[in-house]
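Residue numbers (the UniProt record's numbering): 1 to 154. Each residue gets a CB set at the ideal place from its N, CA and C atoms; glycine is no exception.
Rendered as structure tokens:
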């Protein structure tokens, strides 16, 4: 049984329909399916995919186990970051697959180019690429300027 990674930390995404979600993540983020196993009722009890070389597990929502998707509980308590060399292309691909843009791609004060999305299952995705290597001091100066500009916009 290949359930995925042997050591480390892996996010387990709870979704209403894992089979549908796996196909969506293939289109949106070029995910690769590793494995999937069905429970006696035909639902997915465990599936593994990789995105950008990192493992993610999935399983169907199941009230008996207290497993609910973000959409079923009214929001997502985390952001999933994908750091990649082709951030703009992956962002566009995810939008074309059906992700909702929550923040357009833009250059950030800390040296990344980044945008954020929400997938149909309620998960938040941040797509980023480092475009500048900055010192802590440079980031601090830029952050002060950024927040001052934000304050002036209010």
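Taking all protein chains in view, the Cβ of residue 65 is surrounded by fewer than 16 other Cβ atoms within 10 Å, so the residue is classified as exposed.
The C-alpha of residue 40 lies about 48 angstroms from the C-alpha of residue 131. Between residue 29 and residue 51 the beta-carbon gap is near 5 angstroms, inside 8 angstroms, which marks them as a contact. DSSP links residue 54 through a beta bridge to 51. Under the 10 Å beta carbon count, residue 150 is surrounded by fewer than 16 other beta carbons and is classified as exposed. Here residue 76 has 70, 122, 123, 124 as same chain residues with Cβ atoms under 7 angstroms from its own Cβ, once five neighbours each way along the sequence are excluded. In this structure, residue 112 lies near residue 128, with their beta-carbon atoms less than 8 angstroms apart. Beta bridge pairing from DSSP links residue 112 with 130. Contact annotation: residue 58 and residue 97 have beta-carbon atoms that are not nearer than 8 angstroms.
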